[in-house]
Every structure is written in C-alpha cells, then in structure tokens.
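As structure tokens, the structure follows; a few thoughts come after it.
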Amino acid sequence: MSRPQGSGGGRRRALQVKFVPDEEVLKHIADDTGTKARKDKAQLSISVKTFVKKLENISDNKAQEILEEKKYVAALGICTQDPVENGSSVSGGEIYSFQTPKRSSKMAELASELAQTPEKSVTSDDSKCPEKTANTPQSSSNKKKEFVSTTPYRLRKRLAGPDFDLESESEYSASCSEEEDEEDQQEVNTVLSGQKTPAKTKAASTPRNSLAKKIKEEKMSNLVEEYFEAHSSSKVLTSDRTLQKLRKRRLNQETLHDLLKKAPLAYAAEIKELNQQHESLFSKWMLQLHLGFNIVLYGLGSKRDLLEKFRTSLLQDSVHLVINGYFPSITVRSILNSITEEVLDHTGTFRSPLDQLEFITKRFKEDSSLELYVLIHSLDSQMLRGERSQQILAQLSSLPSVYLIASIDHINAPLMWDQAKLSLYNWLWYETTTFSPYVEETSYENSLLVQQSGSLALSSLTHVLRSLTPNARGIFRLLAQYQLEKKDNPSYPGLSFQDFYQQCREAFLVNSDLTLRAQLTEFRDHKLIRAKRGADGVEYLLIPVDVSTLTDFLENEDEDM
Amino acid sequence: KVQEDLNKQLLDNLVSFLSRSHSEFQEKTTEWTCQMKFREIPTAALVLGVNVTDHDLTFRSLSDLLQDNITPYIALLEAKDCPGIKNLMQKLMAQLMNCSIDVDSLEDEDYVQVSQNRIRCSMSSLSKWYKSVTKKTDSETPSQKRTSSSTYWKSPPIVVIFKDMESFTTKVLQDFIVISSQHIHELPLVLIFGIATSPMIIHRLLPHSVSSLLCIELFQSLSCKDHLSTIIDKLLLSDQFPFKLGEKVLQVLINIFLYHDFSVQNFIKGFQLCIVEHFFSQPLSVLCCQLIDLEKRVNSLSHDQCENIRRLPSFRSYVEKQESEKQIALLTSDNFLKEESQKLLEDLHVYHYNYVSVLRCLHVFTSSLPKYPLGKQIRDLHCACLENPVWETEEYESSLQLARMLNKSDLVTLLQQCVEILLSSSGKEFDKTVEKLKEFLTQFQNLEAEAFQERDVSVSSLKELQKKTDLYHLQKTLLELKESRRSKKLTKFEMLRFEVVDYIDCLVRKYLVPADHRTLHEILYFNTASVLREHLNAAPRTALHTALNNPHWYLKNQALKCDGGSISNKAPDICIVYKLHLECGRLINLVDWLEAFSTVVMAAEAPNADTAPSDQVDDIIHARFIRAVSELELLGFIKPSKQKTDHVARLTWGGC
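Protein sequences, first through last, are from chains W and A. Going from the first sequence to this note's numbering is simple: count from 1 and add 12. Going from the second sequence to this note's numbering is simple: count from 1 and add 230.
Below, the structure written as structure tokens:
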C-alpha cells in the first residue's frame, strides 16, 4: 500500500509512513501523484478506500463477536446480584487453570504458612497466593525469597528442621533431588517466558488484530507443550516415605468411627443454619416434583441427612423408595426388583431389565392413582454411573407418576448424561452445600488408605477359610506362600494350574486334578482367587489381595496352627 | 391454572409440529405410488437437526398422522432397543401385530397373542401374517363398512421408522435392509430414517451394495430456530396469557437455547419453570389472570395482599407522583386501592396489547433494513424493547436513518403490512393509527400520479433542450436544471417519507415503553433470571470449588473470613486437605500430606503452644485426615494409585 516513491529520500519516507493511519497514506499518495494523470489518482484512491473499508469491516466483525461473547457471559452471569448463597459466580478459568509443574515440598511450605497465619492475624494479609509469590522472586517478601533461592532439597531440610524432627531427614534419593533441580530450572524458564509474553503484548499495544491473534495462538501452543512436557516424564517427584515407616497403628473401621465421633464437628451452628435454609425449600420441591420435574441436589457435603429429613417430613404417608446408591452392591436390577416386588406386588422374574422397565411403565400407565417417590442417594456412585443403568433410571424417572429426587457428589457427575438422558430426567438443579461429613457414603469405600481396606479383606479371608477343611486351607496357604515369594516381581502372572497341581500333590493335599478343580471352584465362588488365561493358554491363579494383607493372613494362620 | 397454561403450550407446540410433518407426508404419498414397482425399498430420510430431544414429539405426531390417513401398520424403532437383528425383528413384530389388533379387533386376538410369543420372528412369518391380515381386511371392508379402514389403501404399506438412525449399529441396519429387500414383493415396506446430522451419514453407514437397495428421498424439517420463533410468537407475543417474561429471563432462556442445546423442549421447560416460580414466589400472582376474572379477584384481596401491593416498588413510585390527597387515599383505604389497582392492571393489559402490535409493525420496518441494526428476529427486537426505552439506543437511531432512505415501493409495502397487522389486532386505539397510515398510502399513490406528471414536464424540457443547438443556451439550461434540483432538495416524496418515519417513531415512543416502567408490572412479569439460571444451567463444579476454596461463602463465621486465594487454618478439614493437595503434582504422598495436615490443624488448635510436636500424629487428627481424604476421593479429586506405595493420584487439572 505504501510503496516507496523511487527517489533517494523515498526510502526514509516510506519507513515513516509505515505506522501512519491509512487515510494519511491515501492523502500522501494523492498529493504526490497529483501532478500526474488524474485518472490514476482516482483509481488509486478508490482501491485504497476499499481496502480501508475492508479493514474496518474486519475489525467491526471482531468487535461484534467480542461484544456478543461479553453479552452472553453477562447474561449468564446475572446471578451475582443474587443475595442468597450460590457459589457459581466464578468463571471457569479460575477453577482449574493450568499450572506449572510443582515440587513436592510445596505442600509442606503451604502447610507451614497456613500454620503461621494466626500469629500475624486471622486474615492472613501477606500470604495471598503462595505459589505465585514463590514463582516470582522479585515480588515476594524477604522470607519467601529465602525459600526460593535454595534448592528444594535444602528447603525441605530447613523447613522441616525447626518445625518437627523427622526421623530421617534425607528421605529423598540423590538422583531424585538432582532431577528436581533440573526440573526447577526448567520451571523458572517457563515461568519467565510466560511472563514475557504478556509484557510484550502490553508494550506493543497496536490495535492490529493479527498480532493479538498470534499471541493467543502462541499461548495456546505454549499450554499444549507444557502439558505434554509435564506428562512426558514418568518420573514422579515425591518423597519415598510410606505409612509403614510412620510406626503408626493402622486404624480399622470401628476405631476410625469412634475417633471421629469424639472429634467435635466444626462450625455446627453455621452448618445447621445452612441446612435450615435448604429445608425451607421442601414444599417447593414437592410442588415441582408434582409438576413433572425431577430434582437433583449438588454441592459439597453429605446430602443424606437432608433427603432423609425430606422423606420423614413430607413422604411419610406416600409410597416411597430409598436407594442408597453408594452401597457397593447396588444394581439397577435390584432397584427395579424392589419396585416390581414391593411396590407393584408382582412375583415373577424378567428376562432383562428392559422388559422389567416395560412392565413397570405399563403398570404405572394403567393405574393413574399409583404414585411413587424415588430417593436416590449419590446417583453418581460407582455402580450406577454406567450408561445403561443411567438410561434405565432416566426412563423410569420420565414416568409422570414417578417422582425422583437424587443427589450427586462427584465433580464430573454431569458428564454421565447426554442430551437425551437429560431431557428424560428433566432435572431441576438445586445447590445444597451442607458441609456435613460423608459418613455413610465413605464407609463402604475400602479402596483408599490402607488402614481400612486391609482389615476388611483380612477378616473375610480368615472367616471363609475357617469354614473349610484343613486340606483346602493347605491348598490356599500354598498359593499364598508362592505369591508372597514372588512379590518383588511386578509382572507376576500367577501360579499356573499345572505347577500348582504338582505342588499340591507333593504336599499330599490332593490326589487328582479333579479334586483340586473342585476346591478351586469353591475358592472362586468366595472370590478368594482369580483365574486368568495367559498368553500361552495356560490358566494362572492369583489371590487378589495386596501383599501386606497376605502376610498378615499367613501370620494369623501360623498362630492358629 | 398453571396446569392449564402448560397444556396450552404443549398443544401449541404440537400443532406446529403437526403442520410441519403434514406437508412432508403429502409429498410422500405421491412418492410411494411410483416407487412400489421397483425392487427398491422406498425410504424417506428425515433430516431433523441436532435437537435430538425434540424429535420424540415429531415422530409421535408423524406416526399418529400416518395411522390416521395411510396405514395402520407402523413400527417405531429406537436404537437402544435393538442391539441385534433379532431384537429388532422382535420389536418390529410386536409393534406391528399389536397395532393390527385394533383393526380386526376381537376374533384375531388369540391368534396374535400366540404368534407374538411362539412364531419365530422372521421376515417370512411377517409376510405370512401380513397376507392373512390384508386378506381379512379386504373381505371385511365391504361387509362391515368400516370407515376407518376404508380410508386406507387396498394393501396398506408397512411403515418402519428408525428414530435415531445414527446410533443403530451398521450391521443391524444392513442386515435388515438386505433381508427386507428380498421380501419387498410380498411386503410393501417403507422405511423412514430420522437423521440428526446430515444426509451423508446414510452413505457412510451403509455400503454401496446396501444403499443401492434403497430409494431415498430427502426431507428437511424446519430448523429449530424457526420453531423457536414460532413458539415465541405464539406464547410471548400473544395476549392469551397474562403471564409475561422479563427481559433478563428471556435473554437467559434464549442464550441457553442458542449456546447450549438448541432444544425447543428445554426452552419450554424453562418457560414452565418460570411460571411455577412466578406463581410460587410472588404472592400477588393471583392477580395474574385473564381480564375477565380480574375484577372478582381484585375484590377478594385481603388486607395483607393490599399491603403487598403497597410494597411493590413500581406502585410506590406511582404513589409518589400522585397528589397528596390521592396518596393518602391509596395508602390508607383498601377499597380505593383495589379500584385503582384494577384500573392499573387493565391499563397494563391494554398496554401489552398495543405493545405487541406496535412491536410487530416496528419489526416489519427493521427486518427490511440492511444489516439489521435491531436484529433479524422479532425476539431480538422484543428483548431490546423490554430492556430499556428502545428509542434511546444507537441501533434505533441508525435504523431510523436507514428507514429514511427506503425507496418508495418498499415503503408502501411495509406500510400495507403494518396496516394489516394493526387491523388484525382489533385494538380500539388503533383506529386512528390505521387511518393515518392509510392516508399515507393514498398520499403515496397521489405522489405517483404527480411524479408522472412531473416527469412529463422534465421530459418536455429535455425535448426543448434538444431543439436548441446553441451551446450557450444548452449550458444555461443545464445550469438551471441543476439549480432547480439543488433548491428542491426535498421532493414531495422525501417529505412524505420523513413524515412516515416520524410517525412510526412517535408510535414507538408511545407504545413501546419498557414493561418495568409501568406500574404493577411485577404482577405479570417474571424477572428473576438468577433463579432460572441456577436451576436450569447449574454449575456443580463451581459450587464445589467455591465451597472448598472459600468456605466463608457458605459458613458465615468470622474465623473463616479471609482474602484472596488463601484460606484460614480454621477452615473445615476437607478444605485444608483440598488446599494442600492443590500444591502437589500428579502423585501425592499420603505421609507428607498427613504431616502437612497435622501441622496446620495443630497450629489452629493451639496457636501459642510452642511445645515440640511429637513425631507421632495424634489419633484424632489422623482419623480426621482419613475422613477428609476419602471424602475427596468420593468427590473425584483423587484416586488410589498403584504406581508407588502410599500414594494417590490427582485427577483434576493442574495435577501434572
């Protein structure tokens, strides 16, 4: 557009022209070429004009888009004026923003910081965002500077030293800390580069769209790269300490329960107030249930008590069904069975849940006086979150005389439902944050925290085995011992049936492989062992229990013998 | 009363659906006749758009319609019922034989029952059944003269509708098509595919050998947007329902529709929720009724309800504007208040009445303007008018400017449309307006005549020009012409055009006052958008996040109050544990976590005790930690990991 004029001074001028508004360029060209043929000028100006127009159009469109987006956000974000509690006024980006890789010591750091807060004031003023201040050394207070300048390894020592004497301070393996240093360096680099980009944008605040777009793209690609960088190293940078070294007595379910009972519930008054707020909505729920909506409750804290209260206060006189979704052995079939058998008084079996559902639908359609309230605690539990079960429940809830009120807890629970299911469910969402502990819901969970899981499995193991013959016990012991011997081999497939038979024969436990098979079937029925076919077609046997439980079990057995 | 409203809505909805499918069906009948002879199966591919949830209604009305007019044999198949060809056939047979019951009602019932259970489901048995049934109906029709069956053809076709074609497994579909093509001579089959995406999907799902067996005709249903506008037209812009939506609520509903699901059903659901909310939360909503019932209801108002009226902000500002005597009367005498409020409510009804007609007129104007400064759809215009006085907006200014540049023929047609709209509204107040507009129209016609004459004049002058060959004279006359044109800047037409636009402007200013400027609008208009958003478009993740990050939001305790990103160390256990876990990477060491937790908790419990903490963590704290961690697991933030002993894996963002 602004071409050099060809003369000696033209180059400089052209350089100047570059950032001059388009109108002036036009004028400039027009003036210079004024003495030349007019026709030329007219054409030029026209072309320039159209170009300018185009540019404007483009920017217009962009602005429009942005405006529309804003409008949308504004329209959906109206709820901020709502005086009643609702925590959903945070934008999505704030919640789970992408973060740079973190070191394990961060936790300890934050912990000590949190612990220190009361010394300063209740409203911890200068510890606004620990991770940020740590990443940018220049903007932190002197104390945090110390933190950053040291390597994490030393930092850990320094931090840990005065606060609590650890039994072993250098739990980190050397290689680990080295790696960490490297990682640290990298992290600083990425942080720096990350800071630079926004700075650049500010400095070069030209209104060009392309520039902004470029930066945006850059940021995007940065994010992507960061993600893969973070996930590329399989090395996990955490300390190697285990709970066993803590010399800590393992808690079983009962002691845990007792201990928690002793611990006072914090903020009981406030929680009660929250609950009362929710309870005031009960009559509204009833109305909306009767109008064909179903109600789903979400928010932090157990909603069991709330639903229970709803049930006792409003549903006493009507037919209702309470489903404890968190119960580990609940299935859709059992839910449907309880409807057909107990609500509809039907004895008989069905070939498939679909048939059963059809039967229920028919019955409810025939008899319009039939009404059923279904309360489901944690609809998103492990057993019910499958696609098929959700489909069936959704169809059930879409019946006009079945009123469903359910609670969900998992953060990703809404992902269970697609458009079709959502429209079947016809949900009305209610936020009921209660902050009450999930006592019932977590009590069946035996996966996490070794303390509980071991004891449960162990008791069932010993229980089952006590009822068996000594020979059967011997067979199981053999398998357990073999498995313990191979505990260091992570790819241990199990004991092959032939080898096992051989060993059992040698120990005079069985006389034919038929008896062994009969014995194994018994084990399998009690879920004591698992059989897998290997790649070579041989059957491998495995006890699906972790190593520590197995050792405990063998010790117990030895005592018994 | 609420129920009644809901039913009406659904009816409206159905009617529009029916009219839509009816037109399609008309086309199809002609198609069938010609395709029957070939070996191909006549197939209708119905492209329905992405709003899957609305399809159910469409199909139901379609099958009802077909049943009434064409054939009793209709089977509706859904993908979730048919995982295999066997299930599909079973379903098909069951549906077909069930519907045959109502044709030959009594004598065949046991036979049908038997066949349903015993006879192996195959195409041949189906065709056998079909033959027997058609024979029977043939023999029966003349003798018994059934009106219902006489409307059917001699051999009514069997219509099989696949509701959601995309979700069927390709194997099942292929098998079914191949099998049925073998029997097409005995069975007049017609397939209907419901398609959500694009017609290309048929060819992607079916190989050429199979799709060549089909004779596909494509039908496009109305887009969901059009459907939405008809619904808005019928529900919101009609005077049948006294209940109205406020601007923000409407905006939220439309946004959910446009940005989330395109589902008309959800829109209706939102509307229903609005009605429920309004009647539940607004005590004065008793007055939200038809004009006929109004007097009775106003008279039956109790004292408390009168007080409620007095408390309405719009009523208060109304009172303030009155003279002092009237003010006192309004505030003290219930009877006077009742009279007054009845008058006001009637005004409000009349206002809405006029509002709709004028809005339509304005829409006629704005929708013809280039670039649509006030929006293409009438709903945009409606929103703009509800939000604030529309004449204060820039868009309105620019659209008026554009309207001043319309050419005559456009303007005339627009005016005619406006006259029609106003006439159809049958409002008493519009008589004058209509007259005025008609006057404009006649003026335009007069103008035309005048312009014709004028042109004659100019032509004659030009003729004169041609006569004079003198260069000087030519220049002179040209200059004169130019002069005259300049001085006569505004022709009569232009003057008239300005007048028309000004008139429209004044109509707008008179009638399109935003609803919340009217007194007592709270009774008819529902405007709490936040409630709607909360219940329809909830954000459970955000709520969880807020509860964990900022417990003070929910628990109003001074000790929890804090600023920015940190939380106080007195927060509930789960908040502390959550906050600590945010600091970790992909894996979290339970021991470190426990230690950090106990540090925080002990500091919170005994802030001044400087006793050296024991290396053994207190049992109670340990238990609390276990509880908090398992709660986090239940919430889906972490899961147990086998990668390292006593470690858990993080599941949310940032865990890397």
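Glycine included, each C-beta is placed from N, C-alpha and C at the ideal position.
Taking 8 Å as the upper bound for CB-CB distance, F509 of chain W and L566 of chain W are not in contact here, some 22 Å apart.
Within the model, the alpha-carbon separation for Q520 of chain A versus P770 of chain A is close to 39 Å.
Judged by DSSP secondary structure, Q450 of chain A falls within the beta strand (DSSP E) whose first and last residues are L444 to Q450.
At least 8 Å separates the beta-carbon of I404 of chain W from that of P340 of chain W. Taking 8 Å as the CB threshold, E624 of chain A stays off the interface with chain W.
Residue-level contact check: Q631 of chain A does not touch chain W, since none of the beta carbons of chain W fall below 8 Å from its beta carbon. When the beta-carbon positions are compared, L652 of chain A and V664 of chain A come within less than 8 Å of each other. Assignment of H538 of chain W by DSSP, reduced to helix, strand and coil, places it in the coil class.
Contact fails between the region 544 to 557 of chain A and the region 505 to 515 of chain A, because fewer than three Cβ pairs, one in each stretch, are under 8 Å apart. Taken atom to atom, the span from the alpha-carbon of N349 of chain W to that of W439 of chain W is near 24 Å. S468 of chain A and K666 of chain A have their C-alpha atoms some 25 Å from each other. In the assembly as shown, G398 of chain W is an exposed residue. Its beta-carbon has fewer than 16 other beta-carbons within 10 Å. Straight-line spacing of the CA atoms in Q514 of chain W and S871 of chain A works out to 36 Å.
Neighbourhood of Y450 of chain W in chain A, by CB distance below 7 Å: E861 and L864, in chain order. Look at T563 of chain W: its C-beta is not under 8 Å from any C-beta on chain A.
About 6 Å separates the Cβ atoms of Q495 of chain W and I555 of chain W, confirming a contact at the 8 Å cut-off. The continuous alpha helix (DSSP H) containing V479 of chain A extends over residues E477 to I486. Exclusion of the five residues before and after M298 of chain W leaves L326 as the residues of its chain whose Cβ lies within less than 8 Å of its Cβ.
In this structure I351 of chain W touches I372 of chain W by the C-beta definition: roughly 6 Å separates them, less than 8 Å. For K374 of chain W, the closest alpha carbon among the candidates W:L491, W:K296 and W:P412 is that of W:P412.
With respect to the 8 Å criterion, G424 of chain A and L318 of chain A are not classified as neighbours on the basis of their beta carbons. When the five nearest sequence neighbours on each side are left out, the beta carbons in the same chain lying within less than 8 Å of the beta carbon of Q407 of chain W are those of L369, T373 and L436, in order along the chain. If you check the CB distance, I818 of chain A and R880 of chain A come in under 8 Å.
Looking at the DSSP output, I271 of chain A shares a beta bridge with A:L444.
Counting other Cβ atoms within 10 Å of its Cβ, G476 of chain A reaches 16 or more and is therefore classed as buried. CA-to-CA, the gap between R634 of chain A and R590 of chain A works out to about 19 Å. Along the region 266 to 345 of chain W, the beta strand (DSSP E) occurs as fully enclosed runs of 3 or more residues at 306 to 310 and 332 to 336, listed in sequence order.
Shown in chain order are the members of the region 403 to 423 of chain W whose Cβ falls below 8 Å from a Cβ of chain A: Q403, I420, D421, H422 and I423. Here the region 410 to 426 of chain W makes no contact with the region 280 to 290 of chain W; the two share fewer than three CB pairs at distances below 8 Å.
If only uninterrupted beta strand (DSSP E) runs of at least 3 residues are considered, those enclosed by the region 407 to 443 of chain W are 414 to 419 and 439 to 443.
V506 of chain A belongs to the set of residues whose beta carbon lies under 8 Å from a beta carbon in chain W.
Around the Cβ of N501 of chain W, a 10 Å sphere holds fewer than 16 other Cβ atoms; the residue is exposed.
Here DSSP, grouped into helix, strand and coil, assigns A769 of chain A to coil. Among the residues facing chain W, N618 of chain A is not included, as its CB has no counterpart in that chain under 8 Å away. Per DSSP, reduced to three states, the secondary structure at Y755 of chain A is strand. Per DSSP, P619 of chain A lies in no beta strand (DSSP E) and is assigned neither H nor E.
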